[in-house]
């Protein structure tokens, strides 16, 4: 469609005088007819072209709209995913990433023999549990309270979300200071309560609790808002009929709110579990200057940190890839268990 | 998979927006206990941030004393200055702004386009592709770190900002978010009408879709900006403190100093957090709304 309208427009714009003056004088009717015929032809061709163009547009532009996502995903998501699997079967060093030596499943075999792998797996699990469970329980309670009519409810909501805006690095550095053994605020407060100073960083449990505290602090408010949104979507009639049946507020919470929130709760469980599996920044920086070991005895080294240590401290990219794939398999396992649970719940409901 | 993606439309953004909060008769006023618990929770949420500022305004020796300080001292500007020069904070802040801004803009535009196609257009393999999008949300970033690193090393992109920007320029969550929003907020009739008038797909996007999606685009942009600003795992691998670090990478350098001066570290942490805190004070209401809106659809 562009050429026809384009040229007419162009001549009109560049040589407005030319059109009137240089136009051939009408000499005969036959010529007139031929011109009209040509015009008609041109117009119908234009329509055809337009409708063809239109059809093509409708047919192909959806692909153009989704293409950027898939192109970027293919380049920076799918390709690396598969290549990690390939690299995990090789000996690859960070110093010469292009020299790959086929070793089959040896990276995985070594992983299973490595006590630090099992240690990291265990730590990831315990830190995951002691950060996810309290986080979601507190979030549920806070969401319930935020669901009341409140003065300054927006202030409470924004304040609850502020930790979410704080970076892992900034949050961890502050908590390292607060968990300090000698002059930390938390030990000072515990001392007021008559509890002796706790060496948060060097104990196995204490360090894991401290790392979990950072996670809980950052994500509880975020989850609370997610629950709050789901709570506001619960139909009011359910509460009214429950109230008519004489249910107390607590009973309403247990028998109306929680069941209605079940999909949301499951969603947050999945997301938090995925997050916990990938825990990295908190344990890295909680170690102060100690690097990627996760404490002197690896007492809070997570899988994410172990991967980083193998790949970027010990320079074994192949082994790091094997860890990555193992993490992926664990996540798939968690996903499968989750799915089975959901199906079970649906059936029983 | 498909049922889960269709299901949330019933409680999509428009539905929540339409439902006035007053309607809910059960929303009783909170009692004293409610306020007390919420106040304690709020203090817990805000205290570490306030204390960052307090610690940043003290000297290192004061922080090595009990009891810890609970009020501001006079060293704030000195510490900020040291952090600024030692950790290269000026460059880091500029870099982070560029990175987070580009990622947010890219995510918003690409997500809106894809979300529009998934919500309103018909094409083959649409459902399959949408399932793929959701599937990609499950892939952990650790899984692609090794090849990504090899890729950027091959391209000599280490320490260049594009190594951080490009891999995160699109987001599956964004596509999902925009699809849910547009399937509710954009009536199909408007698109039909534009089509009848002879508008091409790109005109429809420019004159109909973008204006209709603007609220969701703003929310998605803010969320993505916050996430990109705070991203840690990949930047620390792709960038170094001596090259062109983001704020998070620069902060790691401060934390690893040989003679760690705690008050300077806190000053750095404050510098890295302050821009987002200011944004929260200004846009807090919208960000909260956005999180809650995105949440229903999970």
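Chains as they are written, first to last, in my numbering: chain A, 3 to 351; chain B, 5 to 302. C-beta: ideal position from N, C-alpha, C; glycine also.
Residue-level contact to chain A via CB, residue i, 8 Å cutoff
i                     : result
residue 148 (chain B) : yes
residue 79 (chain B)  : no
residue 219 (chain B) : no
residue 241 (chain B) : yes
residue 157 (chain B) : yes
residue 44 (chain B)  : no
residue 28 (chain B)  : Bear in mind that a pLDDT of 41 at residue 28 (chain B), under 50, signals an unreliable position, so the number given afterwards is only what the model happens to contain. At least one chain A Cβ lies under 8 Å of residue 28 (chain B).
residue 166 (chain B) : no
N- and C-terminal bounds of the alpha helix (DSSP H) containing residue i
i                     : result
residue 191 (chain A) : 187–194
residue 136 (chain A) : 117–148
residue 126 (chain B) : First-last for residue 126 (chain B): undefined, no H or E at that position.
residue 265 (chain A) : 264–279
residue 34 (chain A)  : 31–75
residue 238 (chain A) : 238–246
residue 204 (chain A) : It is not in any alpha helix (DSSP H) - residue 204 (chain A) carries neither H nor E in the DSSP assignment.
residue 90 (chain B)  : 80–90
residue 225 (chain B) : 214–234
residue 182 (chain B) : 176–189
residue 82 (chain A)  : 81–89
residue 305 (chain B) : With chain B covering only 5 through 302, there is no way to say anything about residue 305 (chain B).
residue 353 (chain A) : Past the edges of chain A, shown from 3 to 351, lies residue 353 (chain A), and the structure says nothing about it.
residue 4 (chain B)   : A query on residue 4 (chain B) cannot be resolved here, the shown segment of chain B reaching from 5 to 302 and no further.
residue 164 (chain A) : 155–167
residue 177 (chain A) : 170–180
Neighbouring residues, chain B, relative to residue i (Cβ below 8 Å)
i                     : result
residue 306 (chain A) : 146, 237
residue 59 (chain A)  : 204, 205
residue 255 (chain A) : Under the 8 Å cutoff, chain B gives no residues; its nearest Cβ is about 11 Å from residue 255 (chain A).
Within-8 Å CB hit, residue i to chain B
i                     : result
residue 349 (chain A) : no
residue 207 (chain A) : no
residue 164 (chain A) : yes
residue 223 (chain A) : yes
residue 89 (chain A)  : yes
residue 323 (chain A) : yes
residue 126 (chain A) : no
residue 64 (chain A)  : yes
residue 314 (chain A) : yes
residue 330 (chain A) : yes
residue 99 (chain A)  : yes
residue 337 (chain A) : yes
Closer than 7 Å at the beta carbon, the chain A residues around residue i
i                     : result
residue 234 (chain B) : 169, 170
residue 33 (chain B)  : 150, 151
residue 171 (chain B) : 78
residue 191 (chain B) : None at all; the shortest Cβ gap to chain A is about 18 Å.
residue 224 (chain B) : Chain A residues near residue 224 (chain B): none, gap ~14 Å exceeds 7 Å.
Under 9 Å from the C-beta of residue i: neighbouring residues of chain B
i                     : result
residue 201 (chain A) : In chain order: nothing, as chain B lies at least about 16 Å away.
residue 160 (chain A) : 284, 285, 288, 289, 291, 292
residue 219 (chain A) : 48, 49, 52
residue 211 (chain A) : Near residue 211 (chain A) there are no residues of chain B at all, since even the closest Cβ is about 16 Å away, more than 9 Å.
residue 279 (chain A) : 144, 146
Boundaries (first-last residue) of the beta strand (DSSP E) holding residue i
i                     : result
residue 95 (chain A)  : 92–95
residue 101 (chain A) : 98–104
Chain-ordered neighbours of residue i on chain A, where CB pairs are closer than 9 Å
i                     : result
residue 245 (chain B) : Within 9 Å Cβ-Cβ: nothing; residue 245 (chain B) doesn't reach chain A, min ~12 Å.
residue 41 (chain B)  : 143, 144, 147
residue 86 (chain B)  : Those within 9 Å of residue 86 (chain B) in chain A number zero; the least Cβ separation is about 15 Å.
Under 8 Å from the C-beta of residue i: neighbouring residues of chain A
i                     : result
residue 276 (chain B) : 169, 171, 172
residue 114 (chain B) : 70, 71, 74
residue 106 (chain B) : Near residue 106 (chain B) there are no residues of chain A at all, since even the closest Cβ is about 13 Å away, more than 8 Å.
Residue burial classification, residue i (beta-carbon count within 10 angstroms, cutoff 16)
i                     : result
residue 72 (chain B)  : buried
residue 49 (chain A)  : exposed
residue 89 (chain B)  : exposed
residue 197 (chain A) : exposed
residue 235 (chain B) : buried
residue 151 (chain B) : buried
residue 74 (chain B)  : exposed
residue 318 (chain A) : buried
residue 54 (chain A)  : exposed
Beta-carbon neighbours of residue i, restricted to chain D and to distances below 7 Å
i                     : result
residue 269 (chain B) : In the structure shown, chain D does not exist; the protein chains are A and B.
Does the stretch 110–125 of chain B come close enough to the stretch 186–200 of chain B to have 3 or more Cβ pairs within less than 8 Å? yes
Quick test of the definition: if touching needs 3 or more C-beta pairs under 8 Å, does the stretch 168–186 of chain B touch the stretch 220–232 of chain B? yes
Taking 8 Å as the cut-off, does the stretch 297–308 of chain A touch the stretch 84–104 of chain A (at least 3 CB pairs, one atom from each stretch)? no
Can at least three beta-carbon pairs, one atom from the stretch 59–73 of chain B and one from the stretch 244–251 of chain B, be found at a separation below 8 Å? no
Any 3 or more C-beta pairs closer than 8 Å across the stretch 273–286 of chain A and the stretch 119–137 of chain A: yes
Would the stretch 213–228 of chain A count as touching the stretch 167–184 of chain A if we require 3 or more Cβ pairs under 8 Å? yes
Counting Cβ pairs closer than 8 Å, one from the stretch 149–158 of chain A and one from the stretch 195–209 of chain A, do we hit at least three? no
Under 8 Å: do the stretch 73–81 of chain A and the stretch 158–174 of chain B share three or more Cβ pairs, one atom per stretch? yes
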